[in-house]
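See structure below.
Numbering (this note's numbering), first residue to last: 1432 to 1576.
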């Protein structure tokens, strides 16, 4: 909704959103795609936006602002394609990398107290040792057969 305090530029950005296909506009309205990302995507024609929706469903992720800007720039330069959209959307984004977190309380008794980086180094070393142990165990069981 446009308010009295919105600048002319902001109003233009709201108007740009009218160029989105309904599925993408719904994602902006629901907050699944940021407003600024929606503005950038509005420069793709409806066929490319439909291809983007397919890529969103296939990769189970939404485009970042940087990805949307790259698509917009490709439109301006005249070299955008469905394949390019697929390639951009298949990229792993930093916020989508899997992370494992364990609280310090859960580690008590297994990891010596120290700074977080010291604890991280200890856990990595412990994992290396355990992995080596499993490989040796597997090798020994193969030799016993």
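A virtual CB, placed ideally from N, CA and C, is assigned to each residue, including glycine. Being a predicted model, the structure only gives us computed values, none of them experimental.
Secondary structure at residue 1474, three-state DSSP: helix, strand or coil?
-> Translated into positions along the chain shown, residue 1474 becomes position 43. Look at residue 1474 here: in three-state DSSP terms it is coil, with no helix or strand label.
Straight-line gap, residue 1490 to residue 1534 (C-alpha atoms, nearest Å) = The sequence position of residue 1490 within the chain shown is 59, counting from 1. The sequence position of residue 1534 within the chain shown is 103, counting from 1. Using only the alpha carbons, I get a separation of about 30 Å.
Taking 8 Å as the cut-off, decide whether the C-beta atoms of residue 1455 and residue 1484 are in contact.
-> Within the chain shown, residue 1455 is the residue found at index 24, counting from 1. Within the chain shown, residue 1484 is the residue found at index 53, counting from 1. Taking 8 Å as the cut-off, the beta carbon of residue 1455 is found closer than this to the beta carbon of residue 1484.
Which ranges would you report for the alpha helix (DSSP H) in the region 1461 to 1523 if only whole runs of at least 4 residues count?
-> Counting whole runs of 4 or more residues, the region 1461 to 1523 contains the alpha helix (DSSP H) stretches 1466 to 1472, 1477 to 1490, 1496 to 1508 and 1513 to 1521.
Nearest-angstrom Cβ-Cβ length linking residue 1468 and residue 1505, presumed shorter than 8 Å = Mapped onto the chain shown, residue 1468 falls at position 37. Mapped onto the chain shown, residue 1505 falls at position 74. Actually they do not touch by this definition, with Cβ atoms about 15 Å apart.
Measure from the alpha carbon of residue 1451 to the alpha carbon of each residue in 1480, 1441, 1462 and 1439, then state which is nearest.
-> By 1-based counting over the chain shown, the position of residue 1451 is 20. Distance from the Cα of residue 1451 is smallest, within the candidate group 1480, 1441, 1462 and 1439, for 1480.
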